[in-house]
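Residue numbers (this note's numbering), protein chains in the order written: chain Z, 1 to 390; chain B, 1001 to 1350.
Worksheet for the structure shown next.
Rendered as structure tokens:
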């Protein structure tokens, strides 16, 4: 068979992404139709930059979900090595394709004769399944500690700020090298860190419900019971790998990556939340709540936090992007994830070794990472603009 | 002001102590020591051999004692063998009388940074040499990054919402969204690939260690500068846009001052206060970038040393590297705070 020309390659790649295009179009049509009823999310569709950013982000989210979970977009298995396809240029046909096997390597083969295109698509899933959750956990930790630090001030604030600055003064890569090595994993330190860090979401939700429904014990007890049962079940399964039902477990090397990313991100979130709290606690409505006799946690979680949501949502988008970069850095230094893992950082690292001769293995994951982070930055910009408007 | 700096220095020292202790603790965990023993000896060492090696080298003492020895506040480690006494503070096996003449303390307080197992050399000179290489790199990065970021930000911020602003902001966002390992790879592909591309520059900077030229040094410098540039430019733009809406700018305009004059004489000084702090606070991030870029371009500077030390669990070199990097971060924070006070008369430390 003839190798494909560049226009054929592009057409075929666009064709492979069909499920993503359909999902994107549906999302956009529905969102634009109902944008007036969707609050801040709907307002996003008034800003061009925000829409472009959202489209880029959702493209990779859908790619990750369809390609990673349902194996829809990929043309070959990410670990399949086809002899004769080592370092072949984009559009090369397979030497002797079996029935039902896709006949081409659309973006060429890498150093181990695997399909670059499929690995890039699978790499999206590696990011999508870690980055948002790691960022969310970092926010839970940052918020649970930042609110009291800003609200009470004093010794608590001094102590927590010192801790946050301590972690921030650490060069991130040194920290990664110290935490994400097999030797450290063997000592169990990451598990203990997970044990500490993952308790924060449960604490956060319990305090949240308790402060709100303090006067309605029946409702409060129900909510707290649900949170505790589900939360502790997940907590035992994820952090300690001791799920009593045996349903949930977390690969240990993924846990280390997750924990170190949360650990690196939470001090920054802490500082932002603390700063916002310091600003907002001087407002009149906080004084009014204090006069009404509301408890401190009610004021922090239901008066201050909702009013700090604008900057926090914007920072959340930016921080997912930063987390994506951090994950790439980990992959780039070959830390944590397994060497065969198709994540973008590892693929770039593998591809760079032969970069001056073969460009195609390193460039697709590089552009994928670039567009995802760019999308998140643009999305954050659009959100910032729209939330400032009212 | 003096008291403020003194207090900050105190906090800084405490932070540095805590951080080095954390590094010390993590590198001295038993699995790490075992790995060290096996790389130093051989990989098929029995457990007893590992323990005896570690005892002989003083690694089996309690952690606070070892930390004290490294700092130089606890007398150096000595070990009695059949040949005599070996120790941390002197070479070879000596008799008890000879040991008594040797100095007892040898930690970093005495200027003794220890011995690198990776490079088989004293840590102090290694760090000095590598740091000077990185210093050259950083000098050029700063020279490229700061002026271009400031120009970009001022041009974008002086007419907020204009087409120039949109275009320049997009450029700034794109550079902040491109981590060094992506931009480095793309730049090498475009400018240095031997297969396709322009072949203007070299894809490695190994030659730049002895004789930096434009050809072999521009790509690494550009890669680090690009990532930091976008962020500084965005901060400059925000601060410039804010200054341009201030009352005194409107007054100047109504008086009939020309637009270039307003930007140069009235707005610029006030608009540059915020970016100054940002530039200083960029140092920790730049350090990150240095590590990635030095690995990518094979430039054997400070960042490369960090990677080598960390991946070989070279304890004393790693500690030296972290001391230096922590001090760089903390000192830049201090400078940024002090500079902020000097530049902005509205803020006072008391």
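Idealized CB from N, CA, C, for every residue including glycine.
Alpha-carbon spacing of residue i relative to residue j, whole angstroms
i, j, result
"residue 1177(B)", "residue 373(Z)", "5 angstroms"
"residue 158(Z)", "residue 268(Z)", "15 angstroms"
"residue 1145(B)", "residue 1319(B)", "30 angstroms"
"residue 35(Z)", "residue 343(Z)", "35 angstroms"
"residue 1270(B)", "residue 1246(B)", "11 angstroms"
"residue 39(Z)", "residue 53(Z)", "18 angstroms"
"residue 1056(B)", "residue 1085(B)", "11 angstroms"
"residue 1249(B)", "residue 1243(B)", "8 angstroms"
"residue 1166(B)", "residue 1237(B)", "11 angstroms"
"residue 1027(B)", "residue 266(Z)", "24 angstroms"
"residue 132(Z)", "residue 60(Z)", "13 angstroms"
"residue 1151(B)", "residue 1272(B)", "11 angstroms"
"residue 47(Z)", "residue 382(Z)", "6 angstroms"
"residue 227(Z)", "residue 1106(B)", "55 angstroms"
"residue 1263(B)", "residue 377(Z)", "29 angstroms"
"residue 1202(B)", "residue 1179(B)", "20 angstroms"
"residue 274(Z)", "residue 254(Z)", "30 angstroms"
"residue 1341(B)", "residue 1008(B)", "14 angstroms"
Boundaries of the alpha helix (DSSP H) in which residue i is found, first to last residue
i, result
"residue 273(Z)", "252 to 280"
"residue 1229(B)", "1214 to 1244"
"residue 284(Z)", "284 to 292"
"residue 123(Z)", "116 to 152"
"residue 1340(B)", "1315 to 1343"
"residue 1248(B)", "1247 to 1255"
"residue 1005(B)", "1002 to 1027"
"residue 1269(B)", "1268 to 1271"
"residue 1035(B)", "1030 to 1040"
"residue 106(Z)", "No alpha helix (DSSP H) holds residue 106(Z); DSSP gives it neither H nor E."
"residue 1288(B)", "1283 to 1296"
"residue 1307(B)", "1302 to 1311"
"residue 15(Z)", "6 to 16"
Below-8 angstroms beta-carbon distance, residue i vs any chain Z residue
i, result
"residue 1035(B)", "yes"
"residue 1085(B)", "no"
"residue 1299(B)", "no"
"residue 1206(B)", "no"
"residue 1151(B)", "no"
"residue 1193(B)", "yes"
"residue 1137(B)", "no"
"residue 1106(B)", "no"
"residue 1245(B)", "no"
"residue 1241(B)", "no"
"residue 1028(B)", "no"
"residue 1032(B)", "yes"
8 angstroms Cβ cutoff, residue i in contact with chain B
i, result
"residue 256(Z)", "no"
"residue 186(Z)", "yes"
"residue 177(Z)", "yes"
"residue 183(Z)", "yes"
"residue 352(Z)", "yes"
"residue 347(Z)", "no"
"residue 252(Z)", "no"
"residue 165(Z)", "yes"
"residue 337(Z)", "no"
"residue 362(Z)", "yes"
| field | beta strand (DSSP E) runs wholly inside the stretch 1050 to 1137 of chain B, at least 3 long, in chain order | value | Runs of beta strand (DSSP E) with 3 or more residues, each lying fully within the stretch 1050 to 1137 of chain B, are found at 1078 to 1080, 1085 to 1087, listed in chain order.
| field | Uninterrupted alpha helix (DSSP H) stretches inside the stretch 32 to 81 of chain Z (no shorter than 4 residues) | value | List check, alpha helix (DSSP H) in window: 39 to 43, 48 to 63.
| Residue ranges of each alpha helix (DSSP H) run of no fewer than 4 residues wholly in the stretch 159 to 216 of chain Z, ordered along the chain? | As far as the stretch 159 to 216 of chain Z is concerned, its whole alpha helix (DSSP H) runs of at least 4 residues are 172 to 179, 182 to 187, 189 to 197, 199 to 212.
| Inside the stretch 325 to 374 of chain Z only - alpha helix (DSSP H) runs reaching at least 4 residues | If we require 4 residues or more, the alpha helix (DSSP H) runs fully inside the stretch 325 to 374 of chain Z come out as 344 to 352.
| message | Using a Cβ distance threshold of 8 angstroms, determine whether the stretch 345 to 358 of chain Z contacts the stretch 322 to 333 of chain Z, with at least three qualifying pairs required. | response | With the rule of 3 Cβ pairs closer than 8 angstroms, the stretch 345 to 358 of chain Z counts as touching the stretch 322 to 333 of chain Z.
| Which runs of the beta strand (DSSP E), 3 residues or longer, sit entirely within the stretch 1160 to 1194 of chain B? | As far as the stretch 1160 to 1194 of chain B is concerned, it has no whole beta strand (DSSP E) run of at least 3 residues.
| field | At least three beta-carbon pairs within less than 8 angstroms, the stretch 1127 to 1140 of chain B to the stretch 1316 to 1334 of chain B | value | The stretch 1127 to 1140 of chain B makes contact with the stretch 1316 to 1334 of chain B; the number of CB pairs closer than 8 angstroms reaches 3 or more.
| query | Are the stretch 69 to 82 of chain Z and the stretch 8 to 21 of chain Z touching by the rule of at least three beta carbon pairs closer than 8 angstroms? | reply | Contact holds: three or more Cβ-Cβ distances are below 8 angstroms.
| query | For the 8 angstroms Cβ check, are there 3 or more pairs between the stretch 1223 to 1232 of chain B and the stretch 1137 to 1153 of chain B? | reply | Using a Cβ-Cβ distance cut-off of 8 angstroms, the stretch 1223 to 1232 of chain B and the stretch 1137 to 1153 of chain B are in contact, since at least three pairs of beta carbons, one from each stretch, lie closer than that value.
| task | Please confirm if the stretch 1015 to 1024 of chain B is in contact with the stretch 1038 to 1053 of chain B, defined as three or more CB-CB distances below 8 angstroms between the two stretches. | result | Cβ pair count under 8 angstroms is below three, so no.
| If we count Cβ pairs, one from each stretch, closer than 8 angstroms, do we get three or more for the stretch 352 to 366 of chain Z versus the stretch 1186 to 1195 of chain B? | Judged by Cβ distances under 8 angstroms, the stretch 352 to 366 of chain Z makes contact with the stretch 1186 to 1195 of chain B, as three or more pairs qualify.
| request: Inspect the CB distances between the stretch 287 to 301 of chain Z and the stretch 248 to 265 of chain Z and report whether three or more fall short of 8 angstroms. | output: Three or more beta-carbon pairs separated by less than 8 angstroms are not found between the stretch 287 to 301 of chain Z and the stretch 248 to 265 of chain Z, which leaves the two stretches without contact.
| Pairing CB atoms from the stretch 174 to 193 of chain Z with CB atoms from the stretch 1029 to 1047 of chain B, are three or more of them under 8 angstroms? | By the Cβ rule, the stretch 174 to 193 of chain Z counts as touching the stretch 1029 to 1047 of chain B, because three or more pairs are nearer than 8 angstroms.
| query | Between the stretch 305 to 322 of chain Z and the stretch 131 to 148 of chain Z, are three or more C-beta pairs nearer than 8 angstroms? | reply | Flag = yes, the stretch 305 to 322 of chain Z and the stretch 131 to 148 of chain Z touch.
| Contact list for the stretch 261 to 280 of chain Z against chain A, Cβ threshold 9 angstroms | No chain A is present in this structure, whose protein chains are Z and B.
| query | Is the stretch 1287 to 1302 of chain B close to the stretch 164 to 176 of chain Z, with three or more CB pairs under 8 angstroms? | reply | Taking 8 angstroms as the limit for Cβ pairs, the verdict is that the stretch 164 to 176 of chain Z does touch the stretch 1287 to 1302 of chain B.
| Contact between the stretch 302 to 309 of chain Z and the stretch 271 to 288 of chain Z: three or more CB pairs below 8 angstroms? | Between the stretch 302 to 309 of chain Z and the stretch 271 to 288 of chain Z, the count of Cβ pairs shorter than 8 angstroms is three or higher; the stretches touch.
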